[in-house]
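Just add 192 to the spot in the sequence shown (first one is 1) and you have my numbering.
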Amino acid sequence: MLTASSYQEVQTAKEAVEQFRRTKPVLFQKFLNVVQLTRQLQYGYQYMGALLMEEDADKFQPQAQADYVLAVYKREIEQLKADSKIEELKQFLAANRQVSYAHLSKLALGMKPEGLIGPIWVR
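As structure tokens, then:
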């Protein structure tokens, strides 16, 4: 799926990420840990977002991954979803969905909005 974000959309999302980081630091850190794990395993951020939001994640599932590694990853996602404040994270993700889970994840990792402008391929 091809998606494009304007500078204003990404800048607004960046501000939302920063506000989330300041107002909910513990939950943000748990989210960031899952984002970093997703990056290290080279899974798609859309897959992570779909799992967190309980959307259809099958179309984003990584190809050719060891079942054990995928099971460990899903267990980490489930641990985050078991957090008592998961609804706050879901609200944050839903409110900023228009820029994609990939852009939100990269902003959480500290990427500048300028690097996220234009079309991206979401896998």
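Positions of the beta carbon are idealized from the N, C-alpha and C atoms, including for glycine.
Query raised in the report: Per the contact definition of three or more C-beta pairs closer than 8 Å, is the region 297-305 in contact with the region 219-234?
Result: Counting C-beta pairs closer than 8 Å gives three or more between the region 219-234 and the region 297-305, which meets the contact rule.
Query raised in the report: Is the region 214-230 touching the region 270-281 in the sense that three or more CB pairs, one from each, lie closer than 8 Å?
Result: With the cut-off at 8 Å, the region 270-281 and the region 214-230 touch.
Query raised in the report: Which two residues bound the contiguous alpha helix (DSSP H) that contains residue 273?
Result: 259-273
Query raised in the report: Given that a residue counts as buried once 16 or more other Cβ atoms are within 10 Å of its Cβ, and exposed if not, what is residue 235?
Result: buried
Query raised in the report: How many whole angstroms separate the CB atoms of residue 202 and residue 281, which I take to be in contact at a CB cut-off of 8 Å?
Result: Incorrect: roughly 20 Å between the Cβ atoms, too far for contact.
Report task. Return helix, strand or coil for residue 300, following the three-state DSSP convention. Result -> helix
Query raised in the report: Expressed to the nearest angstrom, what Euclidean distance is found between the alpha-carbon atoms of residue 207 and residue 260?
Result: 37 Å
Query - Residue nearest to residue 283 in terms of C-alpha spacing, selected from 212, 199, 301 - result: 212
Report task. May I ask which residues mark the beginning and end of the alpha helix (DSSP H) holding residue 203? Result -> 199-215
**Report entry** Secondary structure, alpha helix (DSSP H): runs of 4+ residues fully inside the region 231-256
**Finding:** 237-244
Query raised in the report: Do residue 252 and residue 271 have their CB atoms nearer than 7 Å?
Result: no
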